[in-house]
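Counted the way numbering that gives the first Met the number 0 counts, the sequence shown spans residues 0 to 172.
Presented below is the structure to which this report refers.
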Amino acid sequence: MKKYSWIKKALLAILIIIVIGLFIPENFKMPVLGATTSSYNKESFWYYPWGKSGTHKGVDIFANTGTPIVSATSGIVVYCGQLSRGGNVVLVLGPKWRLHYYAHLEKINTSRFSIVGHQDTLGMVGTTGNAQGKSPHLHYSITTLIPYFLNIDSSHQGWKKMFYLNPIVKLKK
Ligand SMILES: [Zn+2]
């Protein structure tokens with residue numbers, strides 16, 4: 000089966016890359032500068048009902064408009080720009096194949112394919128997208144590209160918990 004040997008090599012290379020990604024430590028940091036445990040509601044993850052999304056798939060970290068937002072982990076910016084609900088958003092691919100989503104930014108201070116870490120400002124807290132008219136906050140969520148089937152529970156849309164991780168357990172540190 001020599002014909003398919005390159006496919007095997009390619010699959011092996013992909014597997015190695017995936018495994019390496021899983022072992023990069025996350026070194027999580029609070030993404031809103033100066034925020035504390037009283038800057039967010041500890042029960043807000045998966046809050047239901049929550050507008051068009053059904054459940055709240057992240058955490059809202061409240062701070063004054065213009066407060067710097069730094070990258071919670073190291074990673075690479077895979078998207079930054081405008082989305083209807085999110086407003087100005089930044090999406091960072093971080094360790095363990097997790098996507099970190101930063102929404103409602105007043106201003107974006109990074110660009111696509113930038114390598115970012117704790118020292119890098121991604122943007123500023125604001126009220127863009129569906130946060131318009133509300134208190135300025137960062138909507139922050141973590142999605143995993145590798146499904147965690149054990150996280151599924153009987154809550155509303157509970158099956159989606161295999162992709163949406165609870166960021167609040169990390170913020171507490
Ligand atoms: Zn939110």
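All C-beta atoms in this analysis are idealised placements derived from N, C-alpha and C, irrespective of residue type, glycine included.
Note that this is a predicted model, so its numbers are computed, not measured.
query = Using the C-alpha atoms, what's the distance from Tyr139 back to Ile19?
reply = Reading the sequence shown from its first residue, position 20 is the one you call residue 19. Reading the sequence shown from its first residue, position 140 is the one you call residue 139. Cα to Cα, Ile19 sits roughly 25 angstroms from Tyr139.
ask   = When every heavy atom of ligand 3 is checked, does at least one fall within less than 6 angstroms of the C-beta of His99?
value = As presented, the structure is devoid of ligand 3, carrying ligand 1 as its sole ligands.
message = Which runs of the beta strand (DSSP E) at least 3 residues long sit entirely within the stretch 115–160? Give them in chain order.
response = You should have 120–123 and 136–143.
query = Taking any heavy atom of ligand 1 as the mark, which residues have a C-beta closer than 6 angstroms to it, listed down the chain?
reply = After applying the 6 angstroms Cβ criterion, the set is His55, Gly57, Asp59 and His138.
query = DSSP state of Leu32, grouped into three classes?
reply = The residue labelled residue 32 in the question sits at position 33 within the sequence shown. The answer is coil: DSSP assigns Leu32 none of H, G, I, E or B.
inquiry  = Please report the straight-line C-alpha distance between Gln156 and Gly65, rounded to a whole angstrom.
reply    = As a position in the sequence shown, residue 156 is number 157, starting the count at 1. As a position in the sequence shown, residue 65 is number 66, starting the count at 1. Taking the straight line from one Cα to the other gives about 34 angstroms.
query = Apart from the five residues on each side of it in sequence, which residues of its chain come closer than 6 angstroms, Cβ to Cβ, to Trp49?
reply = One-based indexing of the sequence shown puts residue 49 at position 50. His55.
message = Please report the straight-line C-alpha distance between Tyr3 and Leu14, rounded to a whole angstrom.
response = Reading the sequence shown from its first residue, position 4 is the one you call residue 3. Reading the sequence shown from its first residue, position 15 is the one you call residue 14. About 17 angstroms.
query = By the 10 Å Cβ neighbour count, where 16 or more other Cβ atoms means buried, how is Ala34 classified, buried or exposed?
reply = For the purposes of this step, residue 34 is taken as the residue at position 35 of the sequence shown. Looking at its Cβ environment, which holds 16 or more other Cβ atoms inside 10 Å, Ala34 is buried.
query = In angstroms, rounded to a whole number, what distance separates the CA positions of Gly85 and Val124?
reply = In the sequence shown, counting from the first residue as 1, residue 85 sits at position 86. In the sequence shown, counting from the first residue as 1, residue 124 sits at position 125. Distance between the alpha carbons of Gly85 and Val124 is about 12 angstroms.
task = Let me know the secondary structure DSSP gives Lys56 once reduced to three states.
result = Locating residue 56 in the sequence shown gives position 57, counting from the first residue. If DSSP states are grouped into helix, strand and coil, Lys56 belongs with coil.
inquiry  = Helix, strand or coil, according to DSSP, for Ala62 in the structure here?
reply    = Taking the sequence shown and counting its residues from 1, one reaches residue 62 at position 63. Residue state, collapsed to three classes: coil.
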